[in-house]
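Heads up: the protein sequence lines correspond to chains A and B, in order.
In this text, residue positions in the first sequence follow this note's numbering: the first is 1, and each later residue adds one.
In this text, residue positions in the second sequence follow this note's numbering: the first is 1001, and each later residue adds one.
Note that CB positions come from ideal geometry on N, CA and C, so glycine has one too.
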Amino acid sequence: KNEVEQSPQNLTAQEGEFITINCSYSVGISALHWLQQHPGGGIVSLFMLSSGKKKHGRLIATINIQEKHSSLHITASHPRDSAVYICAVPEQGAQKLVFGQGTRLTINP
Amino acid sequence: EPEVTQTPSHQVTQMGQEVILRCVPISNHLYFYWYRQILGQKVEFLVSFYNNEISEKSEIFDDQFSVERPDGSNFTLKIRSTKLEDSAMYFCASRSLAGTAQETQYFGPGTRLLVL
């Protein structure tokens, strides 16, 4: 069974700061998902990546399959980036996703 | 851009009542999922559905739960006799391809269920 751990659990920063959220998992996978959960509860898929790096706007996601680790970076952070960021990986041999506990990010103006 | 929709956005019910949560997945998607998130906890997998049948379910998904795709567009989750501990946010998700869970899943906005 894949275990997913995120750090930090909570992160508060000032607008403009560079943000890094980390995710580690226990069993080798082929792909990892980063999700954003808005304060109202809705979930949006940000990235699905299987190797290297992906960039979308100010968001960058990297993954190291050998080390079973992924990071989500936010450049020039803004208060609207305040949300819970969740990483999720497929359970080995299964269709379902296993989720981390989330990182609550607060960006102050 | 196509999106997954869910209704209702909020539902309050009495313990023991039946509830049906509705989802409209993206139209060309083949795999459908229900997840739930109890307040303050991780998102948990409930069930996946493909080709008109359940392909996988968790231990949470007991006989009180059922899913169906009655008309080729809606995907529903029914809880037959709700318990207090069923109070949670329920998310529907869909993805386009069969195979492994490598393809991006698209999530609906969720239904917040409160059982009193």
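Asked, Found
"Among B:1057, B:1069, B:1055, the one whose alpha carbon lies nearest that of residue 1027 (chain B)", "B:1069"
"Cβ neighbours of residue 1090 (chain B) in the same chain (closer than 7 Å, five flanking residues each side left out)", "1021, 1034, 1036, 1077, 1110, 1111, 1113"
"Contact with chain B by residue 44 (chain A), beta-carbon distance below 9 Å", "yes"
"Candidates B:1071, B:1072, B:1057: closest to residue 1065 (chain B) by CA position", "B:1057"
"Residue nearest to residue 1005 (chain B) in terms of C-alpha spacing, selected from B:1104, B:1094, B:1055", "B:1094"
"Beta-carbon proximity of residue 105 (chain A) to residue 29 (chain A), cut-off 9 Å", "no"
"Beta-carbon spacing of residue 102 (chain A), residue 37 (chain A) below 9 Å", "yes"
"Min CB distance residue 98 (chain A) to chain B below 9 Å", "yes"
"Opening and closing residue of the beta strand (DSSP E) in which residue 61 (chain A) lies", "59-64"
"Backbone CA spacing between residue 75 (chain A) and residue 16 (chain A) [nearest angstrom]", "7 Å"
"Interface partners of residue 1056 (chain B) on chain A, CB under 8 Å", "94, 95, 96"
"Any chain B beta carbon closer than 9 Å to residue 103 (chain A)", "no"
"Per-residue contacts from residue 1109 (chain B) into chain A (C-beta, under 7 Å)", "42"
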